[in-house]
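With the first letter of the sequence shown counted as 1, position 19 gets the number 310 in this note's numbering; the numbers rise by one all the way through. Below is one structure, written out as structure tokens, with a few remarks after it.
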Amino acid sequence: MEGSPPILSPAQIPEWYEAGLKILGPAHYGPGPYCFGTGSEGG
Numbered sequence: 292m293e294g295s296p297p298i299l300s301p302a303q304i305p306e307w308y309e310a311g312l313k314i315l316g317p318a319h320y321g322p323g324p325y326c327f328g329t330g331s332e333g334g
């Protein structure tokens with residue numbers, strides 16, 4: 292998953308894993324709740 296805003300709490304990770312998620316990136320493009328992404332300043 293590129294960008295992890297859909298995951299609201301670490302407790303949800305097992306559910307996403309069981310649904311097939313194997314790799315999680317905290318950001319994709321622009322700032323998000325977990326970190327700054329490509330094309331944004333900060334961090």
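Glycine included, each C-beta is placed from N, C-alpha and C at the ideal position.
Worksheet entry | First through last residue of the alpha helix (DSSP H) which encompasses Glu309 | Against the sequence shown, residue 309 aligns to sequence position 18. Here the alpha helix (DSSP H) through Glu309 covers Ile304 to Glu309.
Practice prompt. Counting only the same chain and skipping the five closest in sequence on each side, list residues whose C-beta sits under 7 Å from that of Leu312.
Written response: The residue labelled residue 312 in the question sits at position 21 within the sequence shown. These residues qualify, in order along the chain: Met292.
Practice prompt. Sort Ile298, Gly323 and Glu332 by Cα distance to Ile314 and report the nearest one.
Written response: The count along the sequence shown starts at 1 and reaches residue 314 at position 23. It is Ile298 whose Cα lies nearest to the Cα of Ile314.
Discussion item. Distance check for Ser295 and Glu309, CA to CA, integer angstroms please.
Written reply: As a position in the sequence shown, residue 309 is number 18, starting the count at 1. As a position in the sequence shown, residue 295 is number 4, starting the count at 1. In a straight line, the C-alpha of Glu309 is about 16 Å away from that of Ser295.
Item to complete: Excluding the 5 residues preceding and the 5 following Ser331 in the sequence, name in chain order all residues of the same chain whose CB lies nearer than 6 Å to its CB.
Response: One-based indexing of the sequence shown puts residue 331 at position 40. The residues are Gly321 and Pro322.
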